[in-house]
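**Q** Residue numbering for the sequence shown is 26 to 347, as defined by our numbering.
For every residue, glycine included, the Cβ atom is placed at its ideal position computed from N, Cα and C.
Got a structure for you, written out below as structure tokens; questions coming shortly.
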Amino acid sequence: MTPKIIVTRRWPEQVETILQQHYDCEFNTADTPLSSAQLSDALTRADAVLSTVTDKFDADVLNVDNHQTKIIANFGVGFSHIDINAAKAKKITVTNTPDVLSDCTADLAMTLLLMAARRAGEGERELRAGDWSGWRPTHMMGSKVTGKKLGIIGYGRIGRAMAHKAHHGFSMDIVVHNRSAVPAAALATVNATQLPTIEAVLAESDFVSLHCPGGDENKHLISQKRLSNMKPGSFLINTARGEVVDENALINALENGPIAGAGLDVFDNEPNIDKRFSGLPNAVLLPHLGSATTETRNDMGLRVISNLNEFFAGKKPADSVT
Ligand code: 8YV
Numbered sequence: 026m027t028p029k030i031i032v033t034r035r036w037p038e039q040v041e042t043i044l045q046q047h048y049d050c051e052f053n054t055a056d057t058p059l060s061s062a063q064l065s066d067a068l069t070r071a072d073a074v075l076s077t078v079t080d081k082f083d084a085d086v087l088n089v090d091n092h093q094t095k096i097i098a099n100f101g102v103g104f105s106h107i108d109i110n111a112a113k114a115k116k117i118t119v120t121n122t123p124d125v126l127s128d129c130t131a132d133l134a135m136t137l138l139l140m141a142a143r144r145a146g147e148g149e150r151e152l153r154a155g156d157w158s159g160w161r162p163t164h165m166m167g168s169k170v171t172g173k174k175l176g177i178i179g180y181g182r183i184g185r186a187m188a189h190k191a192h193h194g195f196s197m198d199i200v201v202h203n204r205s206a207v208p209a210a211a212l213a214t215v216n217a218t219q220l221p222t223i224e225a226v227l228a229e230s231d232f233v234s235l236h237c238p239g240g241d242e243n244k245h246l247i248s249q250k251r252l253s254n255m256k257p258g259s260f261l262i263n264t265a266r267g268e269v270v271d272e273n274a275l276i277n278a279l280e281n282g283p284i285a286g287a288g289l290d291v292f293d294n295e296p297n298i299d300k301r302f303s304g305l306p307n308a309v310l311l312p313h314l315g316s317a318t319t320e321t322r323n324d325m326g327l328r329v330i331s332n333l334n335e336f337f338a339g340k341k342p343a344d345s346v347t
């Protein structure tokens, strides 16, 4: 029997076409996020549910009676929206899509870093509003990027891609914090130093970019106290997950220092972001675009299909996180 799959959001056309060739597919043609009740219902009707970050598979959703689903194949590398222990208890395999989005997510982190440092959002808003009075030596001066120090919190695939771009493209000095020891070779390629504490990274970095997982374990990792100990005039870049940063404390730091600005692609409670962000000129705000390129979104879809194919062939999928 052809496995039945429910795809919770629209995917790139090319990938939906391939899915349809191999599986009995139910697509969410409206492309609106499914409610908790709809997610639970999907678990009772499909062999596989293909999720995204907008699907909150918490314990209540997963604890549905008579579930049919054997695999939640997530379109995305982060999976803090899925309660992995509750999935395991139901013997549901969970997979993600690492590797294929590392470069594009790091490219976007670099975009935010450059935009925040060079006040690109402010400049564009001024020009579009017709408020540009012309060139002058003191107009909208930002911070130099080339040669500055970049601190990376979480030195996994995306953190390493970011370090590569920053070091080899912008001659930045790299310091990192990671929970486990980083192999010397992975540091040597960008001449990076692993520091023992997050505090040490924050204290000496001109830019700090977050590349750790979200979820309860890293909730408010960047706390009020840590923000207040960042280097004066520095910048915080977040392409990881909103919950990693205490947003109240960040808004306070953007208003009163010590940081000079922030570049944010992820937020608590997306898409209903804290309205105060919009009033802050020194915050660059993007709508969770980290992996949003045609090439990468296609590759993410193909990676999900490869995980599904392995699973339904009776193998453990390469990207199983359970
Ligand atoms: C995805 C992301 O687009 O992969 C991730 O973890 O944050 C994004 O790049 C999103 O999660 C889709 O589910």
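Rounded to whole angstroms, what is the Cα-Cα separation between Ala141 and Pro283?
**A** Cα-Cα distance, rounded: 15 Å.
**Q** The beta strand (DSSP E) that contains Gly176, what's its start and end?
**A** From DSSP, the beta strand (DSSP E) with Gly176 extends over Lys174 to Ile178.
**Q** Is there contact here, the segment 215-232 with the segment 159-166, by at least three beta-carbon pairs under 8 Å?
**A** Not touching, per the Cβ criterion.
**Q** For Val125, which of helix, strand or coil comes out of DSSP?
**A** In this structure, Val125 counts as coil in the three-state DSSP scheme.
**Q** Quick one: grab the DSSP three-state call for Glu51.
**A** It is a strand residue.
**Q** Would the C-beta of Leu126 count as close to the ligand 8YV, meaning under 8 Å from any of its heavy atoms?
**A** Yes, since a heavy atom of the ligand 8YV falls inside the 8 Å radius drawn around the Cβ of Leu126.
**Q** Going by beta carbon distance, what residues of the same chain come within less than 6 Å of Leu152, once the five residues before and after it are set aside?
**A** Hits under 6 Å: none found.
**Q** Does the beta carbon of Thr214 fall short of 8 Å from some heavy atom of the ligand 8YV?
**A** Checking the Cβ of Thr214 against the ligand 8YV gives no.
**Q** Name the one or two DSSP bridge partners that His202 has.
**A** BP columns for His202 point to Ile178.
**Q** Can you find the residues in the same chain that come closer than 7 Å, C-beta to C-beta, to Pro28, ignoring five residues on each side of it along the sequence?
**A** For Pro28, where only same-chain residues beyond five positions count, the Cβ hits under 7 Å are Tyr48, Asp49, Asp72, Ala73 and Phe337.
**Q** Rank Thr94, Ile109 and Leu87 by C-alpha distance to the C-alpha of Gly240 and give the top, closest one.
**A** The option with the nearest alpha carbon to Gly240 is Ile109.
**Q** Looking at C-alpha atoms only, which residue of Gln39, Gly146 and Pro123 is the closest neighbour of Ala343?
**A** Nearest C-alpha to Ala343: Pro123.
**Q** Give every residue of the same chain whose Cβ lies closer than 6 Å to the Cβ of Thr318, excluding the five residues on either side of it in the sequence, and list them in chain order.
**A** Result list for Thr318: Cys129, in chain order.
**Q** Would you list the residues sitting across from Phe82 in a DSSP beta bridge?
**A** According to DSSP, Phe82 bridges with Ile107.
**Q** Who are Lys29's beta bridge partners in DSSP?
**A** Asp49, per the DSSP bridge assignment.
**Q** Measure the beta-carbon distance from Gly267 to Val291 and round it to whole angstroms, keeping in mind my assumption that it falls under 8 Å.
**A** The Cβ separation is near 5 Å, so the contact holds.
**Q** Note the first and the last residue of the continuous beta strand (DSSP E) segment covering Ile247.
**A** Here Ile247 belongs to no beta strand (DSSP E), and DSSP marks it neither H nor E.
**Q** Check whether the segment 85-100 touches the segment 295-310, counting contact only when three or more Cβ pairs, one atom from each stretch, lie closer than 8 Å.
**A** The answer is no - the segment 295-310 does not touch the segment 85-100, with fewer than three Cβ pairs under 8 Å.
**Q** Once you ignore the five residues that flank Gly315 on each side, which residues in its own chain have a CB closer than 6 Å to its CB?
**A** The residues are Thr130, Leu133, Thr264 and Asp290.
**Q** Kindly identify the DSSP beta-bridge partner or partners of Ala287.
**A** Ala287 pairs with Leu261 and Ala308.
**Q** Is it buried or exposed for Ala67, if we count other Cβ within 10 angstroms and need 16 for buried?
**A** Buried: at least 16 other Cβ atoms inside 10 Å.
**Q** Could you please give the first and the last residue of the uninterrupted beta strand (DSSP E) stretch that includes Ile97?
**A** Segment Ile96 to Asn99, the beta strand (DSSP E) holding Ile97.
**Q** Got a sec, what are the start and stop residues for the beta strand (DSSP E) Phe232 sits in?
**A** Phe232 to Leu235 is the extent of the beta strand (DSSP E) around Phe232.
**Q** Can you round the beta-carbon distance between Pro16 and Thr79 to whole angstroms, since I take them to be within the 8 Å contact cut?
**A** For the chain, the structure presents residues 26 to 347; residue 16 sits outside this window and is missing.
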